[in-house]
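Visitor: FYI, the numbering for the sequence shown is 0 to 134, going by numbering that gives the first Met the number 0.
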Amino acid sequence: MSGHKESILREPLITGKDITYAKITDDILLPVENKPNRAWWIGFIISLCGATLWVVAVSYTFWFGIGAWGLNKTVGWAWDITGFVWWVGIGHAGTLISAVLLLFRQNWRNSINRSAEAMTIFAVICAATYVVSHM
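So this is what it looks like as structure tokens:
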């Protein structure tokens with residue numbers, strides 16, 4: 000056993016001849032800083048159609064009531080309570096992920112916590128739409 004400790008140097012993260020941090024940054028920001036390409040527009044139009052369909056469906060439900068779904072009076076909240084509980088459960092999962100990583104004091108948790116907390120906020124908003132739409 001030797002009397003000194005040697006530092007273990009890790010390999011460089013960037014290897015290659017012409018690869019620099021600036022080039023990597025440029026490659027990452029290229030889609031954001033340029034005009035949208037054809038694939039982006041196709042995805043945008045599909046998303047816009049989905050959002051329009053959602054507005055039409057919610058408007059139809061508000062106008063005609065949940066009877067338009069084919070529900071009778073005995074099960075007025077059947078699908079709504081299922082969806083509400085689903086989104087509340089997803090919200091709890093995001094909170095649980097953040098809490099577990101915090102309790103175990105993981106130093107690498109920041110980006111995962113942001114995603115989990117964003118997921119929680121999104122899920123709470125989705126769950127709230129079920130309650131607000133039936134007030």
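Note that beta-carbon positions come from the ideal geometry of N, C-alpha and C, so glycine has one too.
All of these numbers come straight from a predicted model, not from anything done at the bench.
Any chance the segment 94-111 sits against the segment 123-130, with 3 or more Cβ pairs inside 8 Å?
Guide: The segment 94-111 is not in contact with the segment 123-130.
Visitor: Hey, Met-118 and Gly-93: beta-carbon distance below 8 Å or not?
Guide: In this structure, Gly-93 lies closer than 8 Å to Met-118 by Cβ.
Visitor: Label Ala-115 either buried or exposed according to how many other C-beta atoms from any shown protein chain fall within 10 Å of its C-beta, with 16 as the threshold for buried.
Guide: Buried, by the Cβ-count rule.
Visitor: Using the three-state DSSP reduction, which class does Phe-103 fall into: helix, strand or coil?
Guide: Phe-103 falls in the coil class under three-state DSSP.
Visitor: Just how far apart, CA to CA, sit Gly-69 and Thr-24?
Guide: Each residue's Cα considered, the two are about 53 Å apart.
Visitor: Starting from Ile-27 and walking both ways along the alpha helix (DSSP H), at which residues does that stretch end?
Guide: From DSSP, the alpha helix (DSSP H) with Ile-27 extends over 20-32.
Visitor: Compute the beta-carbon to beta-carbon distance between Trp-86 and Cys-125, rounded to the nearest angstrom, for a pair I have assumed lies under 8 Å.
Guide: Going by Cβ atoms, the distance from Trp-86 to Cys-125 rounds to 4 Å, so yes, they are a contact pair.
Visitor: Pick helix, strand or coil for Ile-45, following the three-state DSSP scheme.
Guide: It is helical.
Visitor: Answer yes or no: do Thr-60 and Ala-67 have a C-beta to C-beta separation smaller than 8 Å?
Guide: It is a contact, given that the beta carbons lie within the stated cut-off.
Visitor: Between the alpha carbons of Ile-45 and Trp-62, how many angstroms are there, rounded?
Guide: Rounded to whole angstroms, Ile-45 to Trp-62 spans 26 Å at the Cα level.
Visitor: Going by the beta-carbon positions, is the gap between Gly-90 and Ala-38 smaller than 8 Å?
Guide: Their beta carbons are not under 8 Å apart, which means Gly-90 does not touch Ala-38 by this criterion.
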